[in-house]
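One structure is given here, and the rest of the page talks about it.
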Amino acid sequence: MTHLRKYRMIFSCTIRDQFAYIPAYLIGNIFFVIILFVFFSLWSVIYRGQNLIAGLSLTQTLWYLSFTEAVELSKARVYIQIQEEVKEGSIAYALGRPYSYNGFKVARSLGESLVKVIPIMLLGFIVCFLFTGMLPGYWSALPFGIILIIGGITLNIMWGLIIGLLAFWTEEVTPFYWILQKLIFIAGGMFLPIDFFPDWLQTAAKAAPFAFSAYWPAITMVDFSMENFRTALFGQAFYIAVLAFTAYLIFRTALKKIHVQGG
Amino acid sequence: MVLEVDGLSKTFKSRVKGSGFKGSLKNMFSPEYRSIEAVNDISFSVEEGEITAFIGPNGAGKSTTIKLITGILYPDEGRVSVLNMDPHKDRKKLAYRIGAVFGQKSQLWYHLPPSDSFDLLGSIYNLSAPEIKKRVAYLTQVFEIGPFLNQAVRKLSLGQRIRCEIAASLIHSPEILFLDEPTIGLDVVVKQRIRELITRINQDSKVTVFLTSHDTCDIEKICRRVIVINKGQMVWDGSVKQMKYSLLNKRIINVRLEEPVALNMKGVELLKEKGCSAKLEVDLTVTSMKKVMSALVTRHNISDISISTMPMDEVISSIYEGGV
Amino acid sequence: MWKLLKKYFVFNLSAGMEYRASFLIQVFGMFLNNCAFIFFWMILYKRIGGDINGYGFSDVMFLWALAALGYGLAEVFMGNSRFISSIIYKGELDVYLLQPRAILPNLVCSRMNTAGWGDVTYGIVLYFLTQSFEPHKVLMFLVFSILMAVVFTAVRIIYHSLTFFLGNAEQFAGTITEMVIMFILYPGSIFSAPSTWILHSVIPAALVAWIPAEIFASFDLKKLLVLLSADVAIIILSVVVFQAGLKKYSSGNRMGTRI
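Residue numbers (my numbering), protein chains in the order written: chain G, 247 to 509; chain L, 82 to 405; chain P, 4 to 262.
And the structure:
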């Protein structure tokens, strides 16, 4: 009995401890709701008098933005963790452990992001439903969409890994992160579906890696076709593979640097 | 009188954190409050040029009292007059004439050298550039802070920093200096140095010093006047000499005899007894050591004896316990 | 007072220069962030053509220039306002209360957030890239930016002063001020009642930017007077709330240093 009591106490203390984070968590989510409200206000004015712009309806556009935001807001701060570990030198301990450093980081960040993305998706669903009504084809697109959203999150983690590892060469990696974030923001279609872009820009933007973090998962959700899904999935797989390999190369080069400098 | 306090009281409200899961939940929606009487009906006055110590255990209300006097906190009840001013109504006017150091808080900029902070503080107190220069030169010499005047504060040791803090609080030549725990966390040598400095500035420029401390050595070494508070209430106000007289006139005798002690004398109190050993407290204002010793010698066979004065710490704690 | 403010300004600037690298990085970050948004609006306007409820591209750019300069000025000259909550609950207000200066200006102006320089530069550059060079327009832009800086700071003071009464309100106040900034970057006309009531009061985006933008587009003396009296009311309210809070201030003994 005393054993059970011990675990019950640990459990209850952990949950109570988490209570401290509830306000911060709620505020983060309130922001999400407010952003959706602003988008809704903006786009309902823009859509006044027309049903489709660039092939998308108001409903589709708003839901699209809720999906790109979901990927963005559930991002793990992996690059900051790595930067800290490199600066403090604690990365040396991690290297001694029997697992791949990069693999460990990816697994951990993925777990963190998945915990975050579920409530955001639920909240986005409720809010968008209240504003515009149900997105046609939501349920049939959802299983495919979830795969692509996880793919988008994974792609972001790969970027985070690469940027974090740059800390071996430069003291402050945050500016690199900003540049990436803004690229996903604009070129990746996070704030505006790429279909709204001028034609000459669309083709390039849709093929660039940034679109596979934001545009492709979201557009597949709101305008589902097997063709979209296949493009999105192959694109994500391709870029994840390329970035993972790049991260591996960077890591190996960094290791040599450690060995030369002795940590 | 440069400082008069009359019937001062201050009560704080604090949130009560319920225990257990239910408690946390309840707390989020309807927090419960508990009031704590930090300072309760305190009255005293200080004369110009005095060094007064304000002592008490942790949480006694020392800092709260200083903050009430300097105008940081609003009193719930009572009246404070500093240099014939109300610290709230005339906060700005008063600020030119008082200085304060809170040992646990810094008025220096952490990433900048003290000289920069002195400069800025000087202009906050409306001093002209040459005035500041002159004053900083004087303080640098007295406090011997020249060697690290141009090092960032974060790189200074605690002792160096507190010297700079006190110097900073004197930049505008205040008439009263308030020091809240100035020696906290310092080692013995540095403490001694700070005490010397406090005494020196008191003598040099006739600054009235009002300090809080829980280090009894501080009081013994530099103060003439001592006020003791405990749990928000004043339990002693008088000169250090007087305190020593009424309390330090006690001696402690530790004896080991060949038989249990049997001594019934006026002015002798049996503090502890264990088998043939005993601890006695002798009040020298009632009886004399000679009488006690001869009584002991005639009645008992003494195998060992030691006589000691009451240490200052015990004096103070006996005051806290209301034993006076 | 002005002498002291000038002193703080020079003092903080030289302190900021000690960390030149991080200063430049912050300025760069702000610049990048703002550019990304401008690009967003460019594409959007190109696609839809015309205006959004009366706001053309150049009107939105005015909002951005105003927001950047106003916010930047607030950060540069009154940079301590965002830390008021933490200063209160850590008991660090003592230092200011002991100094012979009016509390609010002394408190608010004693810190500069160097990243604000990025916004200041950006606001000015953006104005001259997208708006009129006519002297009276430029003057209006500068006046409204300064007004925005002051009113925005007053709003911050009001919300952060809640810490005196309710315990640490830092996150709440931070959220509200962030929302003010977020809202003013969108055309005010896209929102309709009842949300506009909130945007005129609790989150006063209208007072800070939208009404000035309307006056800038077509001058209206009556509107200007109403705006000015609302601004004065907010400033007075901030002083009143802060002073009332001061009576509840309970200090504290946390270890702390000035950074």
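Think of the CB as a built atom: it goes at the ideal place given N, C-alpha and C, for glycine as much as any other residue.
Helix, strand or coil at residue i according to DSSP, with G and I counted as helix
i: residue 121 of chain L; result: strand
i: residue 477 of chain G; result: helix
i: residue 380 of chain L; result: helix
i: residue 355 of chain L; result: strand
i: residue 311 of chain L; result: strand
i: residue 165 of chain L; result: coil
i: residue 84 of chain L; result: strand
i: residue 343 of chain G; result: coil
i: residue 159 of chain L; result: strand
i: residue 23 of chain P; result: helix
i: residue 206 of chain P; result: coil
i: residue 319 of chain L; result: strand
i: residue 470 of chain G; result: coil
i: residue 95 of chain P; result: coil
i: residue 378 of chain G; result: helix
i: residue 415 of chain G; result: coil
i: residue 201 of chain L; result: helix
i: residue 400 of chain G; result: helix
i: residue 291 of chain L; result: strand
i: residue 89 of chain L; result: strand
i: residue 151 of chain L; result: coil
C-alpha gap between residue i and residue j, whole angstroms
i: residue 164 of chain P; j: residue 350 of chain G; result: 44 Å
i: residue 444 of chain G; j: residue 460 of chain G; result: 18 Å
i: residue 206 of chain L; j: residue 118 of chain P; result: 29 Å
i: residue 218 of chain L; j: residue 190 of chain L; result: 20 Å
i: residue 236 of chain L; j: residue 262 of chain L; result: 22 Å
i: residue 404 of chain L; j: residue 136 of chain L; result: Bear in mind that a pLDDT of 49 at residue 404 of chain L, under 50, signals an unreliable position, so the model cannot answer this.
i: residue 209 of chain P; j: residue 225 of chain P; result: 16 Å
i: residue 150 of chain P; j: residue 237 of chain P; result: 11 Å
i: residue 488 of chain G; j: residue 190 of chain P; result: 41 Å
i: residue 267 of chain L; j: residue 239 of chain L; result: 7 Å
i: residue 33 of chain P; j: residue 122 of chain P; result: 7 Å
i: residue 200 of chain P; j: residue 156 of chain P; result: 21 Å
i: residue 287 of chain L; j: residue 130 of chain L; result: 5 Å
i: residue 396 of chain G; j: residue 359 of chain G; result: 9 Å
i: residue 467 of chain G; j: residue 241 of chain P; result: 47 Å
i: residue 87 of chain L; j: residue 321 of chain L; result: 22 Å
i: residue 272 of chain L; j: residue 243 of chain L; result: 10 Å
i: residue 274 of chain L; j: residue 390 of chain L; result: 26 Å
i: residue 140 of chain L; j: residue 312 of chain L; result: 7 Å
i: residue 27 of chain P; j: residue 411 of chain G; result: 22 Å
i: residue 290 of chain G; j: residue 304 of chain G; result: 7 Å
i: residue 494 of chain G; j: residue 193 of chain P; result: 48 Å
Residue environment, residue i, which counts as buried when at least 16 other CB atoms sit within 10 Å
i: residue 241 of chain L; result: buried
i: residue 181 of chain L; result: buried
i: residue 385 of chain L; result: exposed
i: residue 315 of chain L; result: buried
i: residue 335 of chain G; result: exposed
i: residue 249 of chain L; result: buried
i: residue 215 of chain P; result: buried
i: residue 379 of chain L; result: exposed
i: residue 68 of chain L; result: Because chain L here runs from 82 to 405, residue 68 of chain L falls outside it and cannot be looked at.
i: residue 153 of chain P; result: buried
i: residue 53 of chain P; result: exposed
i: residue 415 of chain G; result: exposed
Residue(s) in a DSSP beta bridge with residue i
i: residue 58 of chain P; result: P/55
i: residue 183 of chain L; result: L/261
i: residue 110 of chain P; result: Answer by DSSP bridge pairing: none, since residue 110 of chain P is not bridged.
i: residue 338 of chain L; result: L/383
i: residue 306 of chain L; result: L/133 and L/320
i: residue 217 of chain L; result: Beta-bridge pairing links residue 217 of chain L to no other residue.
i: residue 331 of chain L; result: L/364
i: residue 127 of chain L; result: L/84
Note down, in chain order, all residues in the region 414 to 431 of chain G with a beta-carbon under 9 Å from any beta-carbon belonging to chain P. 417, 418, 420, 421, 424, 425, 427, 428, 429 and 431
Under 9 Å, CB to CB, which of the residues in the region 167 to 186 of chain P have a partner in chain G? 174, 175, 177, 178, 181, 182, 185 and 186
Would you list, in chain order, the members of the region 188 to 202 of chain L that have their beta-carbon closer than 9 Å to a beta-carbon of chain P? 188, 189, 190, 191, 192, 193, 197, 198, 200, 201 and 202
If the cut-off is 9 Å on Cβ atoms, which residues from the region 215 to 226 of chain P count as contacting chain L, listed in chain order? none
At a CB distance below 7 Å, what residues from the region 241 to 255 of chain P approach chain L? Give them in sequence order. 250, 252, 253 and 254
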